[in-house]
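J.: The structure follows.
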DNA sequence: ATTAGCACTTGAAGATAGGGAGTGCTAAAG
DNA sequence: CTTTAGCACTCCCTATCTTCAAGTGCTAAT
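Residue numbers (our numbering), protein chains in the order written: chain A, 1 to 348; chain B, 349 to 696.
Now the structure itself:
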């Protein structure tokens, strides 16, 4: 979505760049005088004022009031990020520390959580990591336990050690023996298979079942169909360091802040946004209203996808005020995504 | 912890009562004039000022500055709550609505969550409910799955349908068959038993095992010992409506608010506090610093215990500013605890 | 014991003035 | 034609002052 880039003289670009950098650093409108000193160009404030007037006309900067300096608009940030930004690559020492901190965890939940926490700790903003999608998840083991009436507790183990459970409602009441038999059958047939293909196969067999199978198998397949149905709530994420956001002056308004926190809580809107990030591989940035989600009003999101077995399965990122140090956050998010990918891959 | 109650003339009590009520309602220091009109006593402001001076001397009220009215101190609230408060019992219509809203949920997690959410929604403050303790939890089913090396994934089903899982490290590597055998043994011996007594029994057998059992049983018991070890992180709670707290003027300070939210997040201190509430059956109230936990500085907690099978297994409550409508919150918490108890009992 | 009267204190809200930062415009300089 | 110096102007921020209402404590009268 790179909106058609306005073309600017080198000088204007240079000035915009230092303006944005300066504003990110100081958080206050920057005036012509400051720019004159701060930029390598040696121009008088007056000249710079002319350029600023042009930039303002193009909608890249704006001034809060007539006698203040200029601050970047969303388009200004966008242009900056797309064309002017010089990212500061992370030092390998830091990368190693990161890799180390993300270290060995018994369960993948924990890796996800650490990643989120790491992102928030390092940036002093909010870190977010989505739970990995089912893609590439393999079937390990299934178990049925009968509850009252015709309800059955399903315990499904995937990826060696991840335990999911849910309750399904069956058409009739099964005995413990029948349930055991069904589980045994499914375990023997599907062990180690990819969950997506398992679902597909179950669906196929569901159709053919009536013809050539015995009742026990039909029951098993029927139950498998229910058991493997995608959990809607699998769409989830781990958020850390929300409270860091309370420190930023631009988010100090209680009303907005509350709206933001409630959005984090309800998850819906945020998940929708993160899903969009999932579509494009690699780092992606939403600045302010670009996200199209009001509660994130004056926030930016820097995200990147992470993979398992070369399949994109999730997104991780940092949420902070639009005025954030993109040149540091971007490489951090990028590297963290890669480290997380490799950490998750080791498991299998 | 009812600190030795100061004895006050009826008149002073009456005045303190209306003062606190008034302050809770309006949120502003209340002066002698207002009290003179508001109370049923017909006294002149001047007389009331004398009484107020006494109350201030006793530390029950204080004035923010010389020419403001008085506001209750913590001790003032305490006295009010202990001796003066007239609770407004809930209308049975409301109770029924509550009972209904807490309705039927498949899994007890959900009941807990709804309860918390209900508390926060109704009070417009924060609701909190601890997860039920293990007391009275019964063993339903256990399952072992071998992972790499000597690690074993344990899946434990309790109370008919609650699934717990963890990874244990065994002394040697077991085959799938051995694990199955061990699980079968444990399932047959312990099915339906109370988890606490199961733990006890396992411990006893652990000692006697060497003598009179075969290797398979020894292995089973050894693993059971690891598998049943109490999860430390079972100490958990569900919190709702934190964001409601952002609306209160007395908590408007970002710094304090952040501290509070972080306390919610870390859980440790809050759990400690809730554990204290667990000791005393029924409704309990901590006002401000009484809690002995700084982040809850100007908050109060109204809590009550809830039970399963006549055993106290958890606490639920409301957290809000010290200036809260105790006369409504107290019965609400009380009733909710009872409804939750009965909802949980229905399950078994 | 209660009350009226009164001087006094204090914070909240508004008005006022000064200063600083920065602008846009114009006209001169390069 | 571009750049720059100069200048009047705008706007916000802060500090100071004033006024006002609310409420107090004290004293003296009831």
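Yeah, the Cβ is synthetic: ideal placement off N, Cα and C, and Gly gets one too.
The model shown is predicted, which means the values in this text are computed figures rather than measured ones.
Classify residue 601 of chain B as buried or exposed, calling it buried when 16 or more other Cβ atoms lie within 10 Å of its own Cβ.
T.: It counts as exposed.
J.: Residue ranges of each alpha helix (DSSP H) run of no fewer than 4 residues wholly in the stretch 234-288 of chain A, ordered along the chain?
T.: If we require 4 residues or more, the alpha helix (DSSP H) runs fully inside the stretch 234-288 of chain A come out as 254-266 and 268-279.
J.: For residue 696 of chain B and residue 264 of chain A, I'd like the C-alpha separation in whole angstroms.
T.: Note that residue 696 of chain B has pLDDT 49, beneath the 50 cutoff, so the model's placement of it is unreliable and no number is given.
J.: So what does residue 474 of chain B bridge to, in DSSP terms?
T.: Its beta-bridge partners are B:667.
J.: Would the stretch 619-626 of chain B count as touching the stretch 427-440 of chain B if we require 3 or more Cβ pairs under 8 Å?
T.: The stretch 619-626 of chain B is not in contact with the stretch 427-440 of chain B.
J.: How should residue 684 of chain B be labelled, buried or exposed, when 16 other C-beta atoms within 10 angstroms of its C-beta is the threshold for buried?
T.: Under this definition residue 684 of chain B is a buried residue.
J.: Taking CB distances under 9 Å as the criterion, tell me whether residue 513 of chain B reaches chain A.
T.: Yes, residue 513 of chain B counts as interfacial toward chain A.
J.: To the nearest angstrom, how far is the alpha carbon of residue 166 of chain A from that of residue 521 of chain B?
T.: Looking at the two C-alpha atoms, the distance is approximately 30 Å.
J.: If you drop the 5 nearest sequence neighbours on each side, which residues of the same chain put their C-beta closer than 6 Å to that of residue 259 of chain A?
T.: Excluding sequence neighbours, residue 259 of chain A sits near 295.
J.: What does the Cβ neighbour count give for residue 161 of chain A, buried or exposed, with the cut at 16 atoms within 10 Å?
T.: Classification of residue 161 of chain A: buried, given that the 10 Å Cβ count is 16 or more.
J.: Which of helix, strand or coil does DSSP assign to residue 489 of chain B?
T.: Residue state, collapsed to three classes: strand.
J.: Keeping to the same chain, check which residues put their C-beta closer than 6 Å to that of residue 689 of chain B; ignore five residues upstream and five downstream.
T.: Answer for residue 689 of chain B: 654 and 655, listed in chain order.
J.: Have a look at residue 229 of chain A and residue 186 of chain A and give me their C-alpha separation to the nearest angstrom.
T.: Going by the C-alpha atoms only, they are around 15 Å apart.
J.: Just to make sure I have the definition right: I need the residues of chain A whose C-beta is within less than 7 Å of the C-beta of residue 606 of chain B. Which are they?
T.: Those within 7 Å of residue 606 of chain B in chain A are 243 and 246.
J.: Give the interface partners of residue 261 of chain A over in chain B, defined as CB-CB distance under 9 Å, in chain order.
T.: 590, 591, 594 and 609, listed in chain order.
J.: Expressed to the nearest angstrom, what Euclidean distance is found between the alpha-carbon atoms of residue 239 of chain A and residue 66 of chain A?
T.: Roughly 40 Å separates the two Cα atoms.
J.: Identify whether residue 311 of chain A lies in helix, strand or coil by the three-state DSSP scheme.
T.: DSSP places residue 311 of chain A in strand when its eight states are reduced to three.
J.: Start and end of the alpha helix (DSSP H) containing residue 37 of chain A?
T.: It spans 32-38 - the alpha helix (DSSP H) in which residue 37 of chain A sits, taken as one unbroken run.
J.: Counting only beta-carbon atoms, is residue 107 of chain A nearer than 9 Å to chain B?
T.: True, the Cβ-Cβ gap to chain B drops below 9 Å.
J.: Between residue 652 of chain B and residue 635 of chain B, how many whole angstroms is the CB-CB distance? I'm expecting something under 8 Å.
T.: That pair is no contact at about 16 Å.
J.: Compare the Cα-Cα distances from residue 10 of chain A to each of A:32, A:55 and A:189 and report the closest residue.
T.: Residue 10 of chain A has its Cα closest to that of A:55, out of A:32, A:55 and A:189.
J.: Within its chain, find whatever has a CB closer than 6 Å to the CB of residue 557 of chain B; leave out the 5 residues flanking it on each side and keep chain order.
T.: Once the five neighbours on either side are set aside, the close Cβ partners of residue 557 of chain B are 566 and 569.
J.: Can you list, in chain order, the residues of the stretch 143-161 of chain A whose Cβ is nearer than 9 Å to any Cβ on chain B?
T.: Residues passing the 9 Å Cβ filter: 143, 145, 147, 148, 151, 153, 155, 157, 160 and 161.
J.: Tell me the residue span of the alpha helix (DSSP H) that contains residue 562 of chain B.
T.: That residue, residue 562 of chain B, is in no alpha helix (DSSP H); it is neither H nor E in DSSP.
J.: For the alpha helix (DSSP H) containing residue 365 of chain B, name the first residue and the last one.
T.: From DSSP, the alpha helix (DSSP H) with residue 365 of chain B extends over 358-374.
J.: The alpha helix (DSSP H) with residue 60 of chain A in it runs from where to where?
T.: Careful: residue 60 of chain A lies outside any alpha helix (DSSP H) and carries neither H nor E.
J.: Measure the C-alpha to C-alpha separation of residue 110 of chain A and residue 61 of chain A and round it to an integer number of angstroms.
T.: Cα to Cα, the separation comes out at about 43 Å.
J.: Using DSSP with H/G/I as helix, E/B as strand and the rest coil, what is residue 134 of chain A?
T.: Here residue 134 of chain A sits in coil by DSSP.
J.: Report the partner residues of residue 420 of chain B according to the DSSP bridge assignment.
T.: In DSSP, residue 420 of chain B forms a bridge with B:409.
J.: Can you pull the chain A residues whose beta carbon is under 9 Å from the beta carbon of residue 525 of chain B, in chain order?
T.: The contacting residues do not exist; residue 525 of chain B stays about 14 Å from chain A at best.
J.: Hey, could you find the ends of the alpha helix (DSSP H) residue 328 of chain A is sitting in?
T.: Segment 326-346, the alpha helix (DSSP H) holding residue 328 of chain A.
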